[in-house]
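Residues 1 to 590, numbered by this note's numbering, are exactly what the sequence shown covers, in order.
Think of the CB as a built atom: it goes at the ideal place given N, C-alpha and C, for glycine as much as any other residue.
Computed from a predicted model, the values in this text were never measured in an experiment.
See structure below.
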Amino acid sequence: MSDAHNFASTELLSLAHRLHAWAESALGALGMQVWVGDDMGLHPRVVTGRESNDDDRRCARQCCIQGQPVTYRNTVTVPLALSPPSTGACVFILPGQAENADPAPLQNQVQQVSTQFDTAIQSGRLDRLSGLARKSDQLRATLTLAHALEHCPHLGEAIATLHESLKALMYAENFFVVVLDDARQNLIFEYLADAFDDDSSPIPFHAGRLQGSLSAIVVSGCKVLRGSSRELLERAGHVDTVDDSSYGPNATDWLGVPMVVANEPFGAVVVQSYDPAIQFADADPSMLSMVAEAIAAALHRRRVRAALERTVAQRTAELEQSNQALQESLRKLERAMNELVQAEKLASLGSMVSGISHELNTPIGIALTVTTALEDRFERMAELVSMGKLTRTALDEFVGSGAEMTGLAVRSVQRAAGLITSFKQVAVDQTSENRRQFELHQVVVDILAAMVSGVQHPLVRIVNTVPPGLACDSYPGPLAQVISNLVQNALVHAFAPGVAGTIHIDAKVREQHIVVTVADDGVGMLPQVQAHAFDPFFTTTLGKGGSGLGLAVCHRIVTSVLGGALTLESWVAQGTRFAIEFPVRAPGPV
């Protein structure tokens, strides 16, 4: 192994030797090169095996630019992570073609020692520099470490690294950083390294009552303070307030510089010497101020980001709570809507019960009257037979009138039975919500028979023009409730008392869907009424018996149960048309 261009330090040679030994043992590597790119260009710092060539340089440059492994002929080049602005790469020479070689083992091994390589290379760089150039380079490295405090995971460890870098610039064996807390009531130690004092308790910060703290004086006045600590306290008038026994000896040279953010005090950076032979140089206050300015900017950004993260976390928690409350409200609303649907069903059935009871009175009353008259006829016939006075004329009259009365009774009972059958089917469908196959025309017939609408609106005709034989596989109960609600809505809102009109119920098939229309030629709706027609609790008859739920429930049933859509068209003084569109075969299991 050779020292390329005399750039390799003993530490760098030792690291490269260990890495080459591993590559030779694991992969049979014939040689290795360490390339570094900095302000002096891209050069090999360590070369073993054959001499480096232009191909090696091209591979190293490509690897540094892309930050990815490069395979070429019998070489594998992997990136070496170095502190900016330096870049690096390690070139490994393998015994055979490297095209099929896996660079992952080499990359992992280089990553494990990259920090050690970086330290050795930066140390070698400083050794080559002298005077102001070396100090300028070290100051740049220290400022880079100061700015990196913003994102470091462990602040104390990062400031300790910065402390070591600062020692190369000036005497800084005793070094600490204090910042004002959010309430600006105390100075908090972010870092403390002192040969005699390890008390990191917060320092009270009250304007006008500095309690003997030179750091507080620096922060309060936003000015650089330097000199013997005792002399500085005497000058500030606080020498009698300090118990020297708890802090160790006074510093013979104490240097504190303020940290300022947006013209407001933020904290202080302090170095101090307890040895009379060690005094700070004239350039040290300016240099320490530069470092303090970088530290202040990084810590302020860190604090702002932490505050933002806390705010985001708090807002996120509040949003989650609000979301949970909203979900609970939606569940309650869903339960309420279900209860309203059930209540609407019961109300619809109650209306049907009232109507069907009234309608049954006529056929049952006729049947009762006829059977009573027949009973009287039979009694008189029995008397004539028992008295032996039965004549052919009387018998013919009895048979003729009895047949007529019996026919009337049968027709009345059949009418009542039909009404009961229709009501029973509608009632069962509406309460069970079972899916079944049904014939749409007959369902509408049953609905109208059960509604008995003509009792309350004798001048309004309800015309069923649904084509017979239109088969469906869906939910007849919910469909029946929607149709009956729409008819009732038209009877209540479309026609004034004593006004004649017509309600048409029709249906047609359209692309595997059935469209049922309920249209009237009544008063129609204004545009503002149409816009809110399906809103819950919206009604134009508030205080006159309107609940505002009929159309809202219809819309919910059509969309959630039937899997369809309910639309509305209306024209003032011309009428209203509702369209129920749903699949011929309802989705889901039978």
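In DSSP terms, what residue i is bridged to
i: tyrosine 72; result: Thr75
i: glycine 41; result: Asp38
i: asparagine 186; result: Pro204
i: aspartate 102; result: Its beta-bridge partners do not exist; DSSP assigns none.
i: tyrosine 191; result: Val177
i: isoleucine 462; result: Ile503
i: arginine 226; result: Leu255
i: alanine 471; result: Glu439
Residue i: first and last residue of the uninterrupted beta strand (DSSP E) it sits in
i: asparagine 250; result: No beta strand (DSSP E) contains asparagine 250, which DSSP labels as neither H nor E.
i: valine 34; result: 31-38
i: valine 177; result: 174-180
i: glutamine 591; result: Given that the chain is displayed from residue 1 to residue 590, the structure contains no residue 591 and the question cannot be resolved.
i: aspartate 520; result: 513-520
i: alanine 89; result: 87-93
i: threonine 576; result: 575-583
i: arginine 436; result: 436-439
i: serine 25; result: Note, serine 25: premise wrong, no beta strand (DSSP E); alpha helix (DSSP H) at 10-27.
i: alanine 586; result: Neither: alanine 586 is in no beta strand (DSSP E) and is coded neither H nor E.
i: glutamate 569; result: 565-571
Cβ neighbour criterion (16 or more within 10 Å) applied to residue i
i: serine 136; result: exposed
i: threonine 142; result: buried
i: methionine 387; result: exposed
i: histidine 154; result: exposed
i: leucine 299; result: buried
i: alanine 494; result: buried
i: glycine 256; result: buried
i: serine 201; result: exposed
i: aspartate 240; result: Residue confidence for aspartate 240 is low, a pLDDT of 46 falling below 50, so the modelled location carries little weight and cannot support an answer.
i: leucine 319; result: exposed
i: tryptophan 254; result: buried
i: asparagine 6; result: Caution applies to asparagine 6, whose pLDDT of 45 falls short of 50 and renders its modelled position unreliable; the model cannot decide the point.
i: glycine 469; result: exposed
i: tryptophan 35; result: buried
i: alanine 552; result: buried
i: isoleucine 217; result: buried
i: glutamine 33; result: buried
i: glycine 365; result: exposed
i: methionine 170; result: buried
i: serine 25; result: exposed
i: arginine 209; result: Caution is warranted here: a pLDDT of 48 is assigned to arginine 209, below 50, making its placement in the model unreliable, and the coordinate value is therefore given only provisionally. Looking at its Cβ environment, which holds fewer than 16 other Cβ atoms inside 10 Å, arginine 209 is exposed.
i: glutamine 185; result: exposed
i: glycine 267; result: buried
Start-to-end residues for the alpha helix (DSSP H) that takes in residue i
i: lysine 508; result: Not the alpha helix (DSSP H): lysine 508 falls in the beta strand (DSSP E), residues 501-510.
i: glycine 477; result: 476-493
i: glutamine 279; result: No alpha helix (DSSP H) holds glutamine 279; DSSP gives it neither H nor E.
i: leucine 551; result: 550-556
i: serine 213; result: No alpha helix (DSSP H) holds serine 213; DSSP gives it neither H nor E.
i: glutamate 157; result: 155-167
i: alanine 531; result: 527-531
i: alanine 60; result: 54-66
Cβ neighbours of residue i in the same chain (closer than 8 Å, five flanking residues each side left out)
i: alanine 221; result: In the sequence as displayed, the identity of residue 221 is glycine instead of alanine. Cβ within range, chain order: Pro258.
i: proline 587; result: Gly563
i: proline 84; result: Thr144
i: asparagine 464; result: His441, Val444, Val445, Leu448 and Ile505
i: serine 245; result: Because the pLDDT at serine 245 is just 47, under 50, the model does not fix this residue reliably, and the value given afterwards should be weighed accordingly. For serine 245, where only same-chain residues beyond five positions count, there are no Cβ hits under 8 Å.
i: alanine 251; result: Asn174, Ser228, Ser229, Gln272, Ser273 and Tyr274
Spatial neighbours of residue i in its chain, beta-carbon cut-off 6 Å, leaving aside the 5 residues before and after
i: phenylalanine 175; result: His163, Ala193 and Val271
i: aspartate 596; result: Given a span of 1 to 590 for the chain in the structure shown, any question on residue 596 remains unanswerable.
i: alanine 500; result: Leu459
i: alanine 16; result: Val34 and Val46
i: aspartate 38; result: Ser86
i: arginine 415; result: Pro363
i: alanine 490; result: Ile503 and Asp520
The ligand HEM heavy atom lying under 6 Å from the CB of residue i
i: methionine 259; result: The ligand HEM is not part of the structure shown, which contains no ligands of any sort.
Beta-carbon contacts of residue i that lie in its chain and below 7 Å, excluding the five residues immediately before and after
i: leucine 232; result: Leu214, Leu225 and Trp254
i: arginine 61; result: Leu42
i: isoleucine 188; result: Val178, Val179, Asp181 and Pro202
i: threonine 567; result: Ala579
i: glycine 402; result: Leu374 and Arg377
i: asparagine 74; result: Ile93, Leu94, Gly96, Gln97 and Ala98
i: alanine 146; result: Leu162, Val291, Ala294, Ile295 and Ala298
i: valine 76; result: Pro69, Phe92, Leu94, Ala98, Ala101, Pro103 and Leu106
i: lysine 389; result: none
i: alanine 471; result: Gln437 and Glu439
query = Given 8 Å as the limit, is there contact between the region 89-102 and the region 22-30, that is, 3 or more CB pairs closer than that?
reply = yes
request  = Please confirm if the region 403-413 is in contact with the region 367-384, defined as three or more CB-CB distances below 8 Å between the two stretches.
outcome  = yes
query = Looking at C-beta atoms only, is the number of pairs between the region 520-530 and the region 467-482 that lie closer than 8 Å three or more?
reply = With the cut-off at 8 Å, the region 520-530 and the region 467-482 do not touch.
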